[in-house]
Amino acid sequence: MTAPVYLVDDDAAVRDALSLLLSTVGVDVRAFAGPEDFLSALPKLAPGCLILDIRMPAISGLKLQERLTGSGVEWPTVVISGHGDIEACRKAFRNGAIDFLSKPVDEQDLIDAIQKGQSALGRAAEADAERRETMALLAGLTPREREVLSLVARGFATRDIAAALDVSPRTVESHRAAIGAKLGTTSPAEMTRLWIEAESAA
Numbered sequence: 001m002t003a004p005v006y007l008v009d010d011d012a013a014v015r016d017a018l019s020l021l022l023s024t025v026g027v028d029v030r031a032f033a034g035p036e037d038f039l040s041a042l043p044k045l046a047p048g049c050l051i052l053d054i055r056m057p058a059i060s061g062l063k064l065q066e067r068l069t070g071s072g073v074e075w076p077t078v079v080i081s082g083h084g085d086i087e088a089c090r091k092a093f094r095n096g097a098i099d100f101l102s103k104p105v106d107e108q109d110l111i112d113a114i115q116k117g118q119s120a121l122g123r124a125a126e127a128d129a130e131r132r133e134t135m136a137l138l139a140g141l142t143p144r145e146r147e148v149l150s151l152v153a154r155g156f157a158t159r160d161i162a163a164a165l166d167v168s169p170r171t172v173e174s175h176r177a178a179i180g181a182k183l184g185t186t187s188p189a190e191m192t193r194l195w196i197e198a199e200s201a202a
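All the letters of the sequence shown, read from the start, carry residue numbers 1 to 202 under UniProt numbering.
Rendered as structure tokens:
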């Protein structure tokens, strides 16, 4: 397990017990006594998995989860509760929780949930790296090449692109060759995928 785990629980005994458990299986765990402490530290924290107690003074685990999601922090979250609140469970999952565990927390269930969260973080990191690579490739295109690529992505054939841009088909083919060299593919389908991916990331 490589990504850190952030445990937010106002019960010191629970924090100590879960921190000890996770550290024994190689998890880099950092505990916080409440949402306020966690939010204060958040700007300096690397992406990780969250373990949130559902009932805490001032800001509940669900409210914290909602606040984080609203600000674009969508880290895998495990919600724990000692109250067996089914409605709270539903809300937690609607907010994107990957698991909901009742206290006393089963050790294996918690470890399994954290492993699930670690896998989700890994997939998100890979997708982000691919998006950055795509944006870097497209940044190397000239304005005219971007125009041509946008038309390729819309399914235009060379002759149609030439008519739309008022240039010769040979010029379009020259642009397509340059685009293919810069993007590392001459496949219209792959060019379209890269263009759509860049548009969705913009």
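Here a beta-carbon is modelled for each residue, glycine too, at the ideal position from N, C-alpha and C.
Rounded to the nearest angstrom, what separates residue i and residue j at their Cα positions?
i      : j      : result
Thr69  : Arg132 : 22 Å
Ser200 : Ala120 : 20 Å
Ala41  : Tyr6   : 11 Å
Leu149 : Ala178 : 11 Å
Ala88  : Ile196 : 38 Å
Ala153 : Val167 : 18 Å
Ser71  : Leu64  : 11 Å
Leu110 : Lys116 : 10 Å
Leu45  : Arg55  : 23 Å
Glu173 : Ala157 : 10 Å
Given residue i, which residues of its chain have a CB within under 8 Å of its CB, disregarding the five upstream and five downstream residues?
i      : result
Ala125 : Pro47
Glu66  : Asn95
Gly184 : Leu137
Glu145 : His175, Ala178, Ile179 and Lys182
If the criterion is Cβ atoms closer than 8 Å, does the pair residue i and residue j meet it?
i      : j      : result
Lys182 : Leu137 : yes
Val73  : Ala97  : no
Glu36  : Ala58  : yes
How is residue i classed by DSSP in three states: helix, strand or coil?
i      : result
Asp11  : coil
Ile98  : coil
Ser186 : As written in the sequence, residue 186 is Thr, which differs from the Ser given in the question. Note: Thr186 maps to coil in three-state DSSP.
Asp37  : helix
Leu52  : strand
Val25  : coil
Arg144 : helix
Ile179 : helix
Val5   : strand
Arg30  : strand
Val105 : coil
Ile196 : helix
Val79  : strand
Return the chain-ordered list of same chain residues with a C-beta closer than 6 Å to the C-beta of residue i, the five sequence neighbours on each side being excluded.
i     : result
Phe32 : Val8 and Phe38
Gly82 : Lys103
Asp85 : none
Whose C-beta lies closer than 7 Å to the C-beta of residue i among residues of the same chain, with five residues either side of it excluded?
i      : result
Ala198 : Thr134, Met135 and Leu138
Count the C-beta pairs between the stretch 46–66 and the stretch 6–25 that are closer than 8 Å, then say yes if the count reaches three, no if not.
The answer is yes - the stretch 6–25 touches the stretch 46–66, with three or more Cβ pairs under 8 Å.
(message) So, does the stretch 101–118 touch the stretch 10–23, judging by three or more C-beta pairs under 8 Å?
(response) Counting C-beta pairs closer than 8 Å gives three or more between the stretch 101–118 and the stretch 10–23, which meets the contact rule.
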